[in-house]
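> One structure is given below, represented as structure tokens, and several questions about it will come after.
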Amino acid sequence: MPDAELGKFAIIADIHGNADALRAVIEDMARHNLDAVVNLGDCLSGPLAARETAEILMASRIISIRGNHDRWLVEQQPSEMGPSDRAAHEQLDPRHLDWLAGLPEVLCFSGGLSGDVFLCHGTPNSDVTYWMEQVLPSGMVTMRSHDAIAAEAAGLDASLILCGHTHIPRLVRLATGQVILNPGSIGCPAYTDDQPVFHVMETGSPAASYAIAAQSPQGWAVSFHQVPYDTRRMVDLARRAGRDDWATALGTGWLRQDWLSPCPSSRGSSGSG
Numbered sequence: 001m002p003d004a005e006l007g008k009f010a011i012i013a014d015i016h017g018n019a020d021a022l023r024a025v026i027e028d029m030a031r032h033n034l035d036a037v038v039n040l041g042d043c044l045s046g047p048l049a050a051r052e053t054a055e056i057l058m059a060s061r062i063i064s065i066r067g068n069h070d071r072w073l074v075e076q077q078p079s080e081m082g083p084s085d086r087a088a089h090e091q092l093d094p095r096h097l098d099w100l101a102g103l104p105e106v107l108c109f110s111g112g113l114s115g116d117v118f119l120c121h122g123t124p125n126s127d128v129t130y131w132m133e134q135v136l137p138s139g140m141v142t143m144r145s146h147d148a149i150a151a152e153a154a155g156l157d158a159s160l161i162l163c164g165h166t167h168i169p170r171l172v173r174l175a176t177g178q179v180i181l182n183p184g185s186i187g188c189p190a191y192t193d194d195q196p197v198f199h200v201m202e203t204g205s206p207a208a209s210y211a212i213a214a215q216s217p218q219g220w221a222v223s224f225h226q227v228p229y230d231t232r233r234m235v236d237l238a239r240r241a242g243r244d245d246w247a248t249a250l251g252t253g254w255l256r257q258d259w260l261s262p263c264p265s266s267r268g269s270s271g272s273g
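Following the UniProt record's numbering, the numbering of the sequence shown begins with 1 at its first residue and continues without gaps.
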């Protein structure tokens, strides 16, 4: 585990091959005098610019862990993949897949006046579990209870716990004082999934989302950032790939509006988690 201290740093997640959103966030982060940037995974999956995104990340000093789609890209054969993973896989060289395969599942940074920082994609024990949200049998998505959220953190001493996967920016403070933070998604603001039942996750904005955390004597100070960018190239890539669901999500941040046709469900339909 790294021993480096994180003072003021940015948290990004769920890029999903959206190179233009990633560039916009990198430009925005440059204005904030950061010590580091950490990436919580799901870097490349989607019908967008997987190779381009991989090149940006591999050339950067961004500290990355893997997400469930990163794992599927290296563990599954293309014939077993959902459409979003398969579209990304077709763009990647072995060196890109080797980079994904080398990403750790979790990381912990120790030290600092505000305590340790723990990084995971979903939860400490699962990269496909929603930490702060739950999907009801009806398909409605709600917050989990405090006790259920806290139970996922059992055994963790870190004062700041970082997760992604749901694409929804959220912060929860536990009774222990620990903070659980999801920075939202850089590259995919809405998606559908059929696990455990069909449901829709959407932010309502096409902006690229990330967060900044800074140590202070009173604990972690957190700010959420929504970065507008020109979505047209990514929307066009999605449409050319036959993925109108992705194009709608990228252009609007929505999928459930009455004037939209129903979107298909899948593990890779709109870049799930």
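Each residue gets a CB set at the ideal place from its N, CA and C atoms; glycine is no exception. Nothing here was measured: the structure is a model prediction, and the numbers come from that model.
1. Per DSSP, Asn182 forms a beta bridge with which residues?
2. Rounded to whole angstroms, what is the Cα-Cα separation between Leu181 and Asn39?
3. DSSP three-state call for Glu75: helix, strand or coil?
4. For the ligand GTP, is there a heavy atom less than 7 Å away from the beta-carbon of Asp85?
5. Let's see if you can read the secondary structure: which residues bound the beta strand (DSSP E) around His225?
6. Quick check: what's the CA-CA separation for Met140 versus His199?
7. Beta-carbon within less than 7 Å of Asp28's beta-carbon, same chain only, minus the 5 sequence neighbours each way: which residues are those?
8. Suppose the cutoff is 8 Å on Cβ atoms and the five residues either side in sequence are ignored; what does the same chain contact list for Trp254 look like?
9. Below 8 Å on the Cβ atoms is my guess for residue 274 versus Ile65; work out the distance and round it to an integer in Å.
10. Taking only the alpha-carbon atoms, compute the straight-line gap between residue 324 and Glu105 and give it to the nearest angstrom.
11. Is it true that the region 210-222 meets the region 145-165, where meeting means three or more beta-carbon pairs spaced less than 8 Å apart?
12. In terms of residue numbering, what span does the alpha helix (DSSP H) encompassing Ala54 cover?
13. What does a CB cutoff of less than 7 Å around Ser265 pick up in its chain, not counting 5 residues either side in sequence?
14. Would you check if there are 3 or more beta carbon pairs closer than 8 Å linking the region 12-23 to the region 95-105?
15. Taking the alpha-carbon positions, what's the Leu250 to Leu48 distance?
16. Decide if Thr123 is buried, meaning its Cβ has at least 16 other Cβ atoms within 10 Å, or exposed.
17. Just mark Arg256 as buried or exposed, buried being the case when its beta carbon has 16 or more other beta carbons within 10 Å.
18. When you compare only the Cα positions, how much space is there between Ala151 and Phe9?
19. Report the three-state DSSP secondary structure of Gly271 (helix, strand or coil).
20. Throw me the rounded Cβ distance for the Asp42 and Gly67 pair, which I believe falls under 8 Å.
21. Quick one: using the 10 Å Cβ neighbour count with 16 as the cut-off for buried, is Met143 buried or exposed?
22. Since Ile149 is in the alpha helix (DSSP H), which residue starts that stretch and which ends it?
23. Once you ignore the five residues that flank Thr166 on each side, which residues in its own chain have a CB closer than 8 Å to its CB?
24. Looking at the unbroken alpha helix (DSSP H) that takes in Glu27, where does it start and where does it end?
25. Tell me the residue span of the alpha helix (DSSP H) that contains Thr248.
26. For a test of the three-state rule: what should DSSP assign to Val235, helix, strand or coil?
27. The beta strand (DSSP E) with Ser216 in it runs from where to where?
28. Using beta-carbon positions only, say whether Val172 and Ile149 come within less than 8 Å of one another.
Short version:
1. According to DSSP, Asn182 shares a beta bridge with Arg170.
2. Their backbone Cα atoms lie some 13 Å apart in a straight line.
3. It is helical.
4. Summarising the ligand content, the structure contains no ligands, and the ligand GTP is consequently not present.
5. Gly219 to Val227 is the extent of the beta strand (DSSP E) around His225.
6. Distance between the alpha carbons of Met140 and His199 is about 7 Å.
7. Contacts found: His225 and Val227.
8. Counting only Cβ-Cβ distances below 8 Å, and skipping sequence neighbours, we find Ala190, Glu202, Gly204, Thr248 and Leu260.
9. Nothing about residue 274 can be read from this structure; the chain reaches only from 1 to 273.
10. Only positions 1 to 273 of the chain appear in the structure, and residue 324 is not among them; the question remains open.
11. The answer is yes - the region 145-165 touches the region 210-222, with three or more Cβ pairs under 8 Å.
12. Per DSSP, Ala54 is one residue of the alpha helix (DSSP H) stretching across Ala50 to Ala59.
13. Only weak support exists for where Ser265 lies, its pLDDT of 38 falling under 50; the value from the coordinates is given anyway. Correct list, in chain order: Thr192, Asp193, Asp194 and Phe198.
14. Judged by Cβ distances under 8 Å, the region 12-23 makes no contact with the region 95-105, as fewer than three pairs qualify.
15. Taking the straight line from one Cα to the other gives about 11 Å.
16. Thr123 comes out buried.
17. Counting every other CB atom within 10 Å of its CB across the protein chains shown gives Arg256 a total below 16, marking it as exposed.
18. Straight-line measurement puts the Cα of Phe9 at about 27 Å from the Cα of Ala151.
19. Since pLDDT at Gly271 reaches only 48, below the 50 mark, its modelled position is unreliable, and no value is offered.
20. Approximately 3 Å separates the beta-carbon atoms of Asp42 and Gly67; this is inside 8 Å, confirming the contact.
21. By the 16-neighbour rule on beta-carbons within 10 angstroms, Met143 is exposed.
22. From DSSP, the alpha helix (DSSP H) with Ile149 extends over His146 to Glu152.
23. When the five nearest sequence neighbours on each side are left out, the beta carbons in the same chain lying within less than 8 Å of the beta carbon of Thr166 are those of Tyr130, Trp131, Met132, Glu133, Asn182, Met201 and Gly273, in order along the chain.
24. Note, Glu27: alpha helix (DSSP H), Ala19 to Met29.
25. Its alpha helix (DSSP H) spans residues Asp244 to Thr252.
26. Note: Val235 maps to helix in three-state DSSP.
27. Counted as a single uninterrupted DSSP element, the beta strand (DSSP E) harbouring Ser216 occupies residues Ala208 to Ser216.
28. It is a contact, given that the beta carbons lie within the stated cut-off.
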